[in-house]
Structures are given as C-alpha cells and as structure tokens.
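Read the structure below first, then the notes.
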Amino acid sequence: MNAITPRGRLFFANPGPTNIPDSILFAIARPSIDFNDSAFFAVYERCVAGLKRILRTEQHLFLYTASGHGAWEASMVNLFSPGDTLLVIETGHFSESWGKMGRALGLKIETVAADWRQGVDFADVRAALAADTGHRIKAICVVQNETATGVMLPLPEVRAALDATGHPALFLADTISSLGCMPFDMDGWGIDCVVGGSQKGLMLPTGMSFTGVSDKALTAHRTSTLPKHYFDWTEMGARRHKSFIGTVPTSLFYGLEEALRLIEEETLEGVFARHTRLARAVRSAVRHWAGNGDGVHLFCENDARASDSVTTILLPEGQSADAVRATARERFNVSLGAGLNKLAGKVFRIGHLGDLNEPMILGTLASVEMAMKLNGVTHRPGGVAAAMESLTP
41 MNAITPRGRL FFANPGPTNI PDSILFAIAR PSIDFNDSAF FAVYERCVAG LKRILRTEQH
101 LFLYTASGHG AWEASMVNLF SPGDTLLVIE TGHFSESWGK MGRALGLKIE TVAADWRQGV
161 DFADVRAALA ADTGHRIKAI CVVQNETATG VMLPLPEVRA ALDATGHPAL FLADTISSLG
221 CMPFDMDGWG IDCVVGGSQK GLMLPTGMSF TGVSDKALTA HRTSTLPKHY FDWTEMGARR
281 HKSFIGTVPT SLFYGLEEAL RLIEEETLEG VFARHTRLAR AVRSAVRHWA GNGDGVHLFC
341 ENDARASDSV TTILLPEGQS ADAVRATARE RFNVSLGAGL NKLAGKVFRI GHLGDLNEPM
401 ILGTLASVEM AMKLNGVTHR PGGVAAAMES LTP
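To convert, note that position 384 of the sequence shown is 424 in the working numbering; the numbers rise steadily by one, no gaps.
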C-alpha cells in the first residue's frame, strides 16, 4: 500500500507532550529579550505567582531549563546525602525510573511493592513506615499519576499514612502528568517537594520543569551533601530570579503566562471537570470494546484509581499494540502512546490531558477502533457510540 500523505491536523493523543494551543504558540513567538529586563521580569513574577496558585502553595518554587527528569534529580541532590534511604511507592515505569535515578546518585532505595493494575495497598505503606522505628527513611517518593499504567495514586492517603505512624520523612510527589489535570494541594496535603513539568497539563513545549519546596524541605536542603551545581537551590536563591543557573528561557515564560490565563479563564475546577468527563468517555469506549471479556481491556482494574490524564489499553495475548499505533499514525494521522517497560508492545495509551475537547476525543476513539479492525484486534464494535452516551447522559 502506498504511503498516505496526511492532511488536516495531527490528532495528538499521546499522554505527553500534549497539544499546544495556538494562543500559546503565538505567545512564545517572540524575539530574544534580556532576562533581566524589567518588562520580562514582571512576566516572570506573574508566572511564578500563577504556578504557585496551581500548586496551591505559598512556599518556595525553583525552576529549571530541563525536562521533568531534571526536576527529579534536583529534588534528590538538594535534599539528601550519600547513603540516605528513600521509600518509593511502586506505581509503574516512572516510579521505577525515579528509584533507578536515586540509586545512581548513591541513595538507598526501598520499595513498597504494588500490582501495576490495582495500585498500592496503603496498609503496606503504613506497615513499612511503622517498621522504621529508627527513622532511617528520609523521604517517601510517589508518582501521583502513573503515565505508563493509567493508575492514579491518592496523595492524601500517603499523608495519612505518614501522620498515622508519626513518621518524620519528607513527602515527595511527582505531578508531571497530573498537575493542571486533577486536584492537587501541596500545602493542604503536607507535601514537601513537588516535581512538575511544562509539557503536559500546562500545555507548553517540553523544556521547563520546577519543584515546589516546603519550608521543612528547605531546612533539609541546608544539610544535604550530594554534589550539585546546576540544580543547587542555594545558588539559585542568591540570584534575582530565585531559579535557573544560567540563561532563563524567556520565550517559555510568555507561553506560560498565556497557559495560566487559559487555565484560570476556565477555572481549575472547570479544567478538572473537563478532564474527568473526557476520561470517563474514553473508559466507556474501552469497556464496550472489551465485549464479553475476550477483547481489549482497561489496564487499570481499580475504578477508584483510574487516571483522568491517560487511559492504558491492554490487548489480548498475542495481539500487537504497536501495530495498532502504527496504523493509527500512518493511516489516520492519530498519534497514540506506546507501552513502556514491561508493557512494551502489550498496551497502547490514549492521553486525554491538556488542550482537548469532546470532538477531539471522539475522533481519536473512532480512529483507534478503525485501526483495531484493520489489525484484527479482538474488540466489540461500537465503542465510539458508548463514549457519546457517556458524554450525553
């Protein structure tokens, strides 16, 4: 079959990076400006204040020219010393990656094991904390929304486990695929360090990340001895911008200012409600495709933990998720997320976060259903109609 030249817009249904609204693209399209210029600094300060509103914090914020992985590393090198022990709650690929980074930095990583399809049992979290009577564990690290599995972790329950056991560990949370998509409350939930990135719920290009930091975490930073320079909060605090070692990515801040305007125009509550509505529609389609049980399935088996950012879809044994993705991209100009880690080739992922609406979701689902049909994937036709029913109760 001859290659098809795509027309119209690419339906970008990856779980990150996400669609960038035209108004943000226009805002970014600016000439270079001195990052110490007073006009730019006013934009910068508005962006910092806006990010703090989304994080729901009145504490500290440090920003970096880096992806979310850079913010992960910043959280570790600024808070810990060689040999410190961290407790990681297993959620999937990205919790494993955070732990792997910690080991590479000379930290000891312990894990609360969990079923990737169900999410962690918080009795196991409490037991791990209660058993640490000598308080070897310096921090508990969690991923609020596991992008690989489509499973969400309720952060208030992590705080409850810390409080119930009286454990003094720092509370670190990755919000890379959840911030601006689902409720988050740094100060209200007692989170000490928050990792975030520009390219998902904030609808910006990849390249800027940040950490929200509590007073308690900043105190811990002062005694940390892991090597650091580019990510050093002390060095950053001495600079006018209180962030960035080196040049500030000025264009991204004009885009961030517009992103914050769009979010606050819709209101955070409206943004969360839209994400919930679209996520339910996608899950309705997948449940219909599952038919009598022998078709494709939702990877997340715990409805209470289902993500409002991404849905991971498990194919029957022996059927190729990558073939579905390839057909969707090459035939229908729809980009889907791949399976990661041990899920490679077994699942595909539909991202429903950022700048999306009902027609975009329905178009994506229709293309997925056609791609499954063309690849002989077991499914019950009619998932798009099930999604429409969900959207028009």
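All residues carry an ideal CB built from backbone N, CA and C; glycine is no exception.
Just to confirm the assignment, what range does the alpha helix (DSSP H) spanning Thr274 have?
As a first step, residue 274 must be located in the sequence shown, where it is residue number 234. Annotation for Thr274: the continuous alpha helix (DSSP H) segment containing it runs 273-277.
To the nearest whole angstrom, what separates the beta carbons of Met251 and Gly335, a pair I think is in contact under 8 Å?
The residue you call residue 251 lines up with position 211 of the sequence shown. The residue you call residue 335 lines up with position 295 of the sequence shown. Contrary to the premise, residue 251 reads as Thr rather than Met in this sequence. So it is not a contact: roughly 42 Å between Cβ atoms.
For Asn381, does the three-state DSSP call read helix, strand or coil?
Residue numbering aside, residue 381 sits at position 341 when the sequence shown is read from its first letter. Three-state DSSP puts Asn381 in a helix.
First and last residue of the uninterrupted alpha helix (DSSP H) at Arg86:
What you label residue 86 is simply residue 46 of the sequence shown in a count that begins at 1. Judged by DSSP secondary structure, Arg86 falls within the alpha helix (DSSP H) whose first and last residues are 78-95.
Taking all protein chains shown into account, decide if Gly174 is buried (16 or more other Cβ within 10 angstroms of its Cβ) or exposed.
If you number the sequence shown from 1, residue 174 lands on position 134. Result: exposed.
Applying the 10 Å Cβ sphere with the 16-neighbour rule, what's the burial state of Ile44?
Sequence index remark: in the sequence shown, residue 44 carries index 4 (1-based). Result: exposed.
In this structure, does DSSP put Val417 in helix, strand or coil?
The residue you call residue 417 lines up with position 377 of the sequence shown. Val417 falls in the coil class under three-state DSSP.
Nonlocal neighbours in the same chain, by C-beta distance under 7 Å from Ala168, ignoring five residues either side
On the sequence shown, position 128 is the one that residue 168 refers to. Within its own chain, the residues whose Cβ lies closer than 7 Å to the Cβ of Ala168, once the five positions on either side in sequence are excluded, are Leu127, Val152, listed in chain order.
Presumed contact (8 Å Cβ cut-off) between Ala209 and Ile231, rounded CB distance:
By one-based count along the sequence shown, residue 209 stands at place 169. By one-based count along the sequence shown, residue 231 stands at place 191. Not a contact, Cβ separation roughly 12 Å.
Same chain only: Cβ atoms within 8 Å of Asp164, ignoring 5 sequence neighbours per side
Translated into the one-based positions of the sequence shown, residue 164 becomes position 124. For Asp164, where only same-chain residues beyond five positions count, the Cβ hits under 8 Å are Val152, Ala153, Ala154.
Rounded to the nearest angstrom, how far is the Cβ of Ser283 from that of Phe134, given a contact under 8 Å?
As a working mapping, residue 283 is identified with position 243 in the sequence shown. As a working mapping, residue 134 is identified with position 94 in the sequence shown. Separation of the CB atoms of Ser283 and Phe134 is rounded to 24 Å, and the pair is thereby denied contact status at 8 Å.
Taking only beta-carbon positions, decide if Arg47 is within less than 7 Å of chain B.
Annotation note: the requested chain B is absent from the structure, which comprises a single protein chain.
Provide the residue span of the beta strand (DSSP E) that contains Glu429, from first to last.
Within the sequence shown, residue 429 is the residue found at index 389, counting from 1. No beta strand (DSSP E) contains Glu429, which is instead part of the alpha helix (DSSP H) from 423-431.
Drop a sphere of 10 angstroms on the beta-carbon of Thr263, count the other beta-carbons inside from all chains shown, and report buried for 16 or more, exposed for fewer.
The count along the sequence shown starts at 1 and reaches residue 263 at position 223. With fewer than 16 other Cβ atoms within 10 Å, it is exposed.
Is the distance from the Cβ of Ser217 to the Cβ of Ser324 below 7 Å?
The residue you call residue 217 lines up with position 177 of the sequence shown. The residue you call residue 324 lines up with position 284 of the sequence shown. Cβ distance not < 7 Å, so Ser217 and Ser324 don't count as in contact.
Buried or exposed for Arg1, please, with buried defined as at least 16 other CB atoms from any protein chain shown within 10 angstroms of its CB.
Shown here, the chain extends from 41 to 433; a query on residue 1 therefore has no answer.
Taking all protein chains shown into account, do 16 or more other C-beta atoms lie within 10 angstroms of the C-beta of Met41, making it buried, or fewer, making it exposed?
Numbered from its first residue, the sequence shown carries residue 41 at position 1. In this predicted model, Met41 has a pLDDT of only 46, less than 50, meaning its place in the structure is not dependable enough to derive any value.
Rounded straight-line distance, which links the Cα of Leu193 to that of Val160
Start at 1 with the first residue of the sequence shown, and residue 160 comes out as number 120. Start at 1 with the first residue of the sequence shown, and residue 193 comes out as number 153. Within the model, the alpha-carbon separation for Val160 versus Leu193 is close to 8 Å.
Range of the contiguous beta strand (DSSP E) that encloses Phe211:
Counted from its first residue, the sequence shown places residue 211 at position 171. For Phe211, the enclosing beta strand (DSSP E) has its first and last residue at 210-214.
Nearest to Met428 by CA position, among Pro399, Glu409, Val408, is which residue?
To locate residue 428, count along the sequence shown from 1; it is residue 388. Checked all of Pro399, Glu409, Val408; the closest Cα to Met428 is Pro399.
One question on the structure: do Pro55 and Thr246 come within less than 7 Å of each other, judged by their Cβ atoms?
Translated into positions along the sequence shown, residue 55 becomes position 15. Translated into positions along the sequence shown, residue 246 becomes position 206. The criterion of a C-beta distance shorter than 7 Å is not satisfied by Pro55 and Thr246.
For Ala53, report the span of its beta strand (DSSP E) as first-last.
The sequence position of residue 53 within the sequence shown is 13, counting from 1. Where Ala53 is concerned, the enclosing beta strand (DSSP E) stretches over 51-53.
From Ala82, Arg86, Ala79, Val387, residue whose alpha carbon lies closest to that of Ala299
Translated into the one-based positions of the sequence shown, residue 299 becomes position 259. Relative to Ala299, the option among Ala82, Arg86, Ala79, Val387 whose CA is nearest is Arg86.
Is Gly236 closer than 7 Å to Ile64 when the C-beta atoms are compared?
For the purposes of this step, residue 64 is taken as the residue at position 24 of the sequence shown. For the purposes of this step, residue 236 is taken as the residue at position 196 of the sequence shown. Not in contact: Ile64 and Gly236 (Cβ atoms no closer than 7 Å).
Any idea which residues DSSP pairs Arg389 with across the strands?
For the purposes of this step, residue 389 is taken as the residue at position 349 of the sequence shown. Note: Arg389 sits in a beta bridge opposite Thr352, Gly377.
Do three or more CB pairs link the segment 284-294 to the segment 312-331 at distances below 8 Å?
By the C-beta criterion, the segment 284-294 is judged not to be in contact with the segment 312-331, since fewer than 3 inter-stretch pairs fall below 8 Å.
Closer than 8 Å is the cut-off here; do at least three beta carbon pairs connect the segment 305-315 with the segment 350-365?
Contact fails between the segment 305-315 and the segment 350-365, because fewer than three Cβ pairs, one in each stretch, are under 8 Å apart.
Assuming the contact rule is C-beta atoms closer than 8 Å, Ile94 and Leu244 should be a hit. Round their C-beta distance to whole Å, please.
On the sequence shown, residue 94 is found 54 positions in, with the first residue counted as 1. On the sequence shown, residue 244 is found 204 positions in, with the first residue counted as 1. Wrong, their Cβ atoms sit about 13 Å apart, outside the cutoff.
Quick check on DSSP: helix, strand or coil for Ser342?
Taking the first residue of the sequence shown as position 1, residue 342 is located at position 302. Correcting the residue type first, residue 342 is Asn in the shown sequence and not Ser. In this structure, Asn342 counts as coil in the three-state DSSP scheme.
Taking the beta carbon of Asp343 as the centre, do at least 16 other beta carbons fall within 10 Å, making it buried, or is it exposed?
Counting from one through the sequence shown, the residue named residue 343 turns up at place 303. Taking a 10 Å sphere around the C-beta of Asp343, we find fewer than 16 other C-beta atoms and assign the residue as exposed.
Can you tell which of Lys256, Gly241, Met248 has its C-alpha closest to the C-alpha of Leu212?
Counting from 1 along the sequence shown, the entry for residue 212 is found at position 172. Scanning Lys256, Gly241, Met248 for the CA closest to the CA of Leu212 turns up Lys256.
Using the C-alpha atoms, what's the distance from Phe372 back to Arg49?
Residue numbering aside, residue 49 sits at position 9 when the sequence shown is read from its first letter. Residue numbering aside, residue 372 sits at position 332 when the sequence shown is read from its first letter. The alpha-carbon of Arg49 is positioned some 10 Å away from that of Phe372.
In the DSSP assignment, the alpha helix (DSSP H) including Leu300 goes from what residue to what residue?
Stepping through the sequence shown from its first residue, residue 300 is reached at position 260. Taken as a continuous stretch (DSSP letters only), the alpha helix (DSSP H) holding Leu300 covers 290-306.
Less than 8 Å between the CB atoms is what I'm expecting for Phe293 and Val83, so what's the real figure, rounded?
Within the sequence shown, the letter at position 253 stands for residue 293. Within the sequence shown, the letter at position 43 stands for residue 83. Separation of the CB atoms of Phe293 and Val83 is rounded to 5 Å, and the pair is thereby assigned contact status at 8 Å.
Between Asp214, Asp395, Met116, which lies nearest to Gly310 when the distance is taken from Cα to Cα?
Your numbering for residue 310 matches position 270 in the sequence shown. Among Asp214, Asp395, Met116, the Cα nearest to that of Gly310 is on Asp395.
Only counting the same chain, and skipping five residues up and downstream in sequence, which positions put a Cβ closer than 7 Å to that of Leu145?
As a position in the sequence shown, residue 145 is number 105, starting the count at 1. Within the same chain, Leu145 has close Cβ partners Met116, Val117, Leu266.
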